[in-house]
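Everything in the sequence shown is counted per our numbering, starting at 18 for the first residue and increasing by one. Here the structure comes first, spelled out in structure tokens, and everything after it is commentary.
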Amino acid sequence: MNIIELIPYLKNLHKAESVSQVFLPDIEFDLVELYVKDKLALDSEVVFLDADSIPNELKIELDGVLHENLFPLYLAQEMVEEYVKTYNDELSDIEIAKRLLEYRINDA
18 MNIIELIPYL KNLHKAESVS QVFLPDIEFD LVELYVKDKL ALDSEVVFLD
68 ADSIPNELKI ELDGVLHENL FPLYLAQEMV EEYVKTYNDE LSDIEIAKRL
118 LEYRINDA
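Right, dumping it as structure tokens:
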């Protein structure tokens, strides 16, 4: 799943919690970190990681592959939900994904 494909799951808390349980069953929602493989890009694969089992680093290497932190899942969900609310659900998933990525690159 890439960032664009993740957006529909982040539009409300229930969906975000559900997708979190698919990837990390039995891990609290607030402890899930979203990382992307290789680089921050719209087509980069998103990986759900347990914050307690990884170093608190912006970039980490897992199985020889570089991963870069996107956001904690709860924060990404709140941001996407706010974009939906602010723009009356008129932004496409790709537009929301671009805004999320731009915020991460430029402001976070």
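Every residue gets a Cβ at the ideal spot worked out from N, C-alpha and C, and that includes glycine.
Out of K76, N19 and S35, which one is the CA nearest neighbour of A58?
Cα-wise, what sits closest to A58 is N19.
Could one say the Cβ of S61 lies closer than 7 Å to chain C's Cβ atoms, at least one of them?
Chain labels in this structure do not include chain C; a single protein chain is all it has.
Can you tell me whether S109 is buried or exposed, with buried defined as 16 or more other CB within 10 angstroms of its CB?
So S109 ends up on the exposed side.
Can you look up Y91 in the DSSP assignment and give me helix, strand or coil?
Collapsing the DSSP output to three states places Y91 in a helix.
Would you report the Cα separation of V156 and F65, rounded to the nearest angstrom?
Any property of residue 156 remains undetermined from this structure, which presents the chain solely from 18 to 125.
Contact belief for A93 with L27 at Cβ below 8 Å, rounded distance in angstroms
Their Cβ separation, rounded to whole angstroms, is 6 Å, which keeps A93 and L27 in contact under 8 Å.
Do the segment 83 to 90 and the segment 34 to 50 touch if we need at least three Cβ pairs shorter than 8 Å?
Contact between the segment 83 to 90 and the segment 34 to 50 is present, because at least three Cβ pairs lie under 8 Å.
So, under 8 Å CB-CB, I44 and D60 are touching, yes? Tell me the CB distance rounded to an integer number of Å.
Not confirmed; about 26 Å, so no contact.
Can you tell me which of the three DSSP states D67 falls into?
Reduced to three states, the DSSP call for D67 is strand.
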